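Protein chains in written order, with the numbering used here: chain C, -8 to 273; chain F, -8 to 273. Positions of the beta carbon are idealized from the N, C-alpha and C atoms, including for glycine. In this text the structure is predicted, and so the values were computed from the model without any measurement.
Protein chains: 2
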Amino acid sequence: MDTAVRLHDVAPRRSPMVHLTPVRAGQTSTLSDLLHLMGAGADAQGPLAGTPIPLRFLHAGDTLFHEGAPAEAIYFVRAGTFKTLRTAEDGYEQVLGFVGRAEVLGFDALCRGRHPSAAVALEDSSVYVVLANDVLSLGQRLPALDRIVHLAVSAALTHRGEVADVMAAVAAEVRLARFLVQLSRRMAECGQASRRFHLRMSRRDIASHLGVAHETVSRSFTALADWGFVRVDNREVEILDLDALKELSRSTRRQVDEPVRGHALNAPGRLDVRPEVRANAT
Amino acid sequence: MDTAVRLHDVAPRRSPMVHLTPVRAGQTSTLSDLLHLMGAGADAQGPLAGTPIPLRFLHAGDTLFHEGAPAEAIYFVRAGTFKTLRTAEDGYEQVLGFVGRAEVLGFDALCRGRHPSAAVALEDSSVYVVLANDVLSLGQRLPALDRIVHLAVSAALTHRGEVADVMAAVAAEVRLARFLVQLSRRMAECGQASRRFHLRMSRRDIASHLGVAHETVSRSFTALADWGFVRVDNREVEILDLDALKELSRSTRRQVDEPVRGHALNAPGRLDVRPEVRANAT
DNA sequence: CGCTTGCTTGAGAAATGTCAAGTCGTGTGG
DNA sequence: CCACACGACTTGACATTTCTCAAGCAAGCG
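Written out as structure tokens, the structure is:
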């Protein structure tokens, strides 16, 4: 009770305007800066290192690119967070995922020439803009760029694969648990606090991403909090028991037949791990 | 009734051993062949065009690479079909997607050095093997290779984005409809028959991919057939009314608030479009 | 010929979707 | 500075759907 401060004032309400290399809107940065961001600082040498790379600044809610827009460029997130989404005819927004620092955006547009999904900033953000044509031509002359593109895209592909895991869980609390564990891990990878963080996205966005109704997300948050796994205050989340959260996220759809030739010790429904859970619900 | 032949004997039960450049198991092909497969035949010139590219042949059920295996290479599907999946601790297989001809496999392993997912052949198949190291080095010397890698990966990213759409639908029939529409479109893109085809995957695989129980997939198939949208015989599927199927797949989770500023003409639940549906169920 | 695997169908229980109401916080405008 | 409106979030109650368990059928294989 005393270890944790009031969750309210932990994170700034808006755009924690990160302090990086002092660059202002409209100003361009260099290829060297981009390589540094992507962790390829060692390769940031050579004659092309000074090649200017445009920056683009966005405010919370701004759209980086719309669904269906022509593929002009790919983007590397320098600061901030984005959501990628597809909008159905009736206006329903299907959130495909959330993208943060040092991740790539818009690469999926290359194959068809148009963006299959849109990207919207969830907070004040900035991105490096690499024109679609330059991706190949620059990459040919500077292997380091080619390399970071490969790595970033590979990571994006991995990340989108994890979406299926999140959406496949039967119970809504499991989906949320998986989402939080994933988020926590990604925060840690970015060098940020992984036990307590500020959700940049709304409940509705999370709901869409998990494939459930937003009311269910609310209820699931409450459930996780009741079980003592997390502490939630609006968009402020503190993970109290990461192990329990991971254990919960291991709950899978029961594999009906083919009882895992060998040991069947972990076969029974994982959901019963926490009897209190369903018991309290009664 | 007479237009359609008996569905049984339409497609071969096993491996329709495509007749391409006559290559036998163990034999290696050339970079030029790979470029041709990927639709970059025009660029299949130059001194490196003769660079040997190993081929690998797999039987139905064979594993191309396991989850967690070191990233040794990426693969381009020359013939056949694969499923990519992640296996949970209790043995549940989460199917991430299905990959066919001219598509890339294993690229998501580059960023971490290990395959985050496994790939299993659903029929007798063959793939071009490009070693992880060669992806960069060869790509540097041969822009055409770099290009097809970019395009193929972009397509893979797009494809994984569509998985969310499939899994997000509320009703199971809608998920199946979206899956079938997607499959039909991809078949067409490969130059194959898009109105009638043979499912290479089991009901269980489909179920995992859609995020529902396999019994529900069965019921959904029956439902689609009852409505006259498709005709199903085991794994043989014939699409009778593609428009209806597309219409059904447009059903989205109802967008509760923010009634799409402007026109709300298409707001009401799409599911009521087919009254017979729920009516017959009673 | 029996076995295994894949698929279908049925029935009950449990979970979520949906609709509805109400709280809270924020930004706007008087 | 305050009142107000608006959006985000929470919680409740009910209908609906799916999950789960079970049984049965058909086909392929040893």
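| query | result |
| --- | --- |
| Determine which residues of the segment 81 to 92 of chain C have a Cβ less than 7 angstroms from any Cβ of chain F, and write them out in chain order. | ASP81, GLY82, TYR83, GLN85 and LEU87 |
| For C:ASP115, tell me which candidate among C:LEU55, C:LEU76 and C:HIS205 has the shortest Cα-Cα distance. | C:LEU55 |
| Between F:ALA123 and F:ILE65, is the Cβ-Cβ spacing less than 8 angstroms? | yes |
| So is F:VAL208 in contact with chain C if we call contact Cβ pairs under 8 angstroms? | no |
| Less than 8 angstroms between CB atoms is the rule here; does F:VAL228 satisfy it with respect to chain C? | no |
| Measure the Cβ-Cβ separation of C:ALA62 and C:GLY88 and say whether it is below 8 angstroms. | no |
| Between the alpha carbons of C:GLU94 and C:ALA143, how many angstroms are there, rounded? | 6 angstroms |
| Let me know if C:HIS254 comes out buried or exposed under the rule of 16 or more other beta-carbons within 10 Å of its beta-carbon. | Low per-residue confidence applies at C:HIS254: pLDDT is 29, beneath 50, and the placement is therefore not dependable enough to give any value. |
| Taking the straight line between their C-alpha atoms, what separation do you get for C:VAL140 and F:THR213? | 45 angstroms |
| Ignore the nearest five residues each way along the sequence and tell me which others in C:GLY32's own chain have a CB closer than 8 angstroms to its CB. | LEU26 |
| Who does F:ASP224 pair with in a DSSP beta bridge? | F:GLU227 |
| Verify the CB distance criterion: does C:GLN131 have a CB-CB separation below 8 angstroms to chain F? | yes |
| What are the partner residues of C:ARG191, as DSSP defines its beta bridges? | Beta-bridge pairing links C:ARG191 to no other residue. |
| Could you tell me which of F:THR75, F:ARG194 and F:ALA204 sits nearest to F:ASP53, measuring between CA atoms? | F:THR75 |
| How big is the Cα-Cα spacing for C:ALA112 and C:LEU101? | 21 angstroms |
| For C:ARG252, which residues from the same chain have a beta carbon less than 8 angstroms from its beta carbon, with the 5 sequence-adjacent residues on both sides left out? | Because the pLDDT of C:ARG252 is 27, which lies under 50, any placement of that residue in the model is unreliable, and the number read from its coordinates should be weighed accordingly. Excluding positions up to five away in sequence, the list is empty. |
| Flag this pair as yes or no: are the beta carbons of C:VAL154 and C:SER242 separated by less than 8 angstroms? | no |
| Listed in chain order, which residues of the segment 148 to 161 of chain C have Cβ atoms closer than 7 angstroms to some Cβ of chain F? | LEU148, THR149, ARG151, GLY152, VAL154, ALA155, ASP156, MET158 and ALA159 |
| Does the distance from the C-beta atom of C:LEU231 to that of C:ARG222 stay below 8 angstroms? | yes |
| I'd like to know whether the C-beta atoms of F:ARG77 and C:ASP156 end up nearer to each other than 8 angstroms. | yes |
| Please state the DSSP three-state secondary structure of C:ALA60. | coil |
| On the three-pair Cβ rule with 8 angstroms, is the segment 170 to 177 of chain F touching the segment 119 to 133 of chain F? | no |
| Taking Cβ-Cβ distances below 8 angstroms as the criterion, which residues of the segment 90 to 115 of chain C are in contact with chain F? | PHE98, ASP99, ALA100, LEU101, CYS102, ARG103, PRO107 and SER108 |
| CA-CA distance, C:SER128 and C:THR21? | 16 angstroms |
| Distance check for C:ALA147 and C:THR42, CA to CA, integer angstroms please. | 25 angstroms |
| Can you check the segment 121 to 209 of chain F for any beta strand (DSSP E) of at least 3 residues that lies completely inside it and give the ranges in chain order? | 187 to 189 |
| With DSSP run on the structure shown, which of helix, strand or coil describes F:THR213? | helix |
| Using DSSP with H/G/I as helix, E/B as strand and the rest coil, what is F:ALA109? | strand |
| Taking 7 angstroms as the limit between beta carbons, can you name the residues of its chain near F:GLY37, skipping five residues before and five after? | LEU133 |
| Would a C-beta distance cut-off of 8 angstroms place C:HIS106 and C:GLY152 closer than the cut-off? | no |
| Does DSSP put C:GLU84 in a helix, in a strand, or in coil? | strand |
| Using a Cβ-Cβ distance cut-off of 8 angstroms, determine whether C:ASP34 contacts chain F. | no |
| Assign F:HIS50 to one of two classes, buried (16 or more other C-beta atoms within 10 Å of its C-beta) or exposed (fewer than that). | exposed |
| Please identify the residue among C:SER145, C:ALA79, C:GLU229 and C:ALA135 whose C-alpha is closest to the C-alpha of C:LEU190. | C:GLU229 |
| Chain F beta carbons: is any one of them nearer than 8 angstroms to that of C:ARG244? | yes |
| Could you run through the segment 45 to 65 of chain F and flag, in chain order, every residue whose CB is less than 8 angstroms away from some CB of chain C? | none |
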